[in-house]
Amino acid sequence: MLLYRYFFLNQPNLPITAFAVYFSICFIAGLVWGSLVHHDIQKKIVS
Numbered sequence: 095m096l097l098y099r100y101f102f103l104n105q106p107n108l109p110i111t112a113f114a115v116y117f118s119i120c121f122i123a124g125l126v127w128g129s130l131v132h133h134d135i136q137k138k139i140v141s
């Protein structure tokens, strides 16, 4: 998280880009987590 903060502090007028990057990271992490949980639930139902 410090890396992102350092990178975006060096960009003076890009809070929208910072928010977009943060949102996309959260969105991708949510997709990955959701697919893993869905796969785990399918395995439990099958077994």
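Using my numbering, you'd call the opening residue of the sequence shown number 95 and step up by one each time. Using N, Cα and C, we set each Cβ at its ideal position, and we do this for glycine too.
Spatial neighbours of residue i in its chain, beta-carbon cut-off 6 Å, leaving aside the 5 residues before and after
i, result
"F117", "none"
Straight-line gap, residue i to residue j (C-alpha atoms, nearest Å)
i, j, result
"V140", "H133", "11 Å"
"I135", "V115", "30 Å"
"V126", "A112", "21 Å"
"K137", "S129", "12 Å"
Residues near residue i in its chain [Cβ-Cβ closer than 7 Å; skip 5 each side]
i, result
"M119", "Here residue 119 turns out to be Ile, not Met, going by the sequence shown. Within the same chain, I119 has no close Cβ partners at all."
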